[in-house]
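Undergrad: If you scroll down you'll find the structure; I have some questions about it.
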Amino acid sequence: MGYTRVLRTATSTLEHTFDVDETATDSSTPVTVTVTDANGTPVTAPGTATSAGAGTGRYTLALAGQPLVALLTVAWSATIAGASVVETDTVEIVGGFFFTLREGRSSDSSLSDTGKYPTAKLITTRLETEAECEEICDRAFVPRYGRAVLDGTGTGELLLAGDNDIRSIRAVRVAPRVGETFVALTAGELAALTVTRDRVLLRTDGAIWTEERSNVIVEYEHGLTIPPEDLKRATLVRFKARLNIDKTN
């Protein structure tokens, strides 16, 4: 399962390689691709992937720019070694990166060698650096998507545990009981929500969160607009170190 990040509104080329043990293996049938959001809703119509060449096992599909930060699941359906398989990747649509690839490469003269440091390696290492920083600091430094399934409290307050720096509440759905249909809050009900500094989602219209297990789904955006400059400088240093991690003890 692969994972990558794509800038919001930017077009991108998704890719996936099928392997049998250590051997890249082509599909004997056309490879179909479906892209769904975190709720399982299709983002685009199913498409047919393009082979990168015989014997490569690698397939690509163009993804149009997405207007909102999101977490997408990309399912690749193929016939590999006579068996029908579905392999999935995760694509996160984000509101920015800690630094551009140009900034990353120009941060040290040794990285100018595109043979040693191809663009694909820079992309992978930037992702590793960002993920490491976010895990250490327990926060996102660029706008990102979040989704939480919560227990209704029977009060007007609901704790959004997990993510700091909530930017906006995008959608909320509530089910009266387990197994029953989720109903989306109206635009007016969403406008009556506020998030306190300690991440409590508060209903200011007097309504309550129906008490039940896992009956509230909240979709939101979180993170800073841009990372602080001192953190950006530090991650550029770490970026270079990770690019050369195989050369260290």
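So the sequence shown is numbered by the working numbering: it starts at 1 and just counts up by one.
Yeah, the Cβ is synthetic: ideal placement off N, Cα and C, and Gly gets one too.
1) In chain order, what are the residue ranges of uninterrupted beta strand (DSSP E) at least 3 long that sit wholly in the stretch 122-168?
2) So which of G55, T153, S109 and L61 has the shortest CA-CA distance to A207?
3) Restricting to Cα atoms, I'd like to know which of A38, L61, G55 and A10 is closest to A49.
4) Going by DSSP, what residue range makes up the beta strand (DSSP E) through A62?
5) May I have the straight-line CA-CA distance separating N244 from V195, to the nearest angstrom?
6) Candidates I166, T210 and R213: which alpha carbon is nearest V200's?
7) So what's I208 in DSSP terms, helix, strand or just coil?
8) With DSSP as the reference, label S27 as helix, strand or coil.
9) Please classify F141: is it buried, with 16 or more other beta-carbons within 10 angstroms of its beta-carbon, or exposed?
10) Quick check: what's the CA-CA separation for D246 versus K240?
11) Taking 8 Å as the cut-off, does the stretch 21-40 touch the stretch 120-128 (at least 3 CB pairs, one atom from each stretch)?
12) Whose C-beta lies closer than 7 Å to the C-beta of S27 among residues of the same chain, with five residues either side of it excluded?
13) Taking the alpha-carbon of R147 as reference, which of L63, A161, E135 and A131 has the nearest alpha-carbon?
14) What are the boundary residues of the beta strand (DSSP E) that includes R203?
15) Who are the Cβ neighbours of E212 in its own chain at under 6 Å, not counting the five residues just before and after it?
TA: So, from the data block:
1) 144-152 and 157-159
2) T153
3) L61
4) R58 to L63
5) 42 Å
6) I166
7) coil
8) coil
9) buried
10) 12 Å
11) no
12) F18, A78, T79 and I80
13) A161
14) V200 to R203
15) G152 and R177
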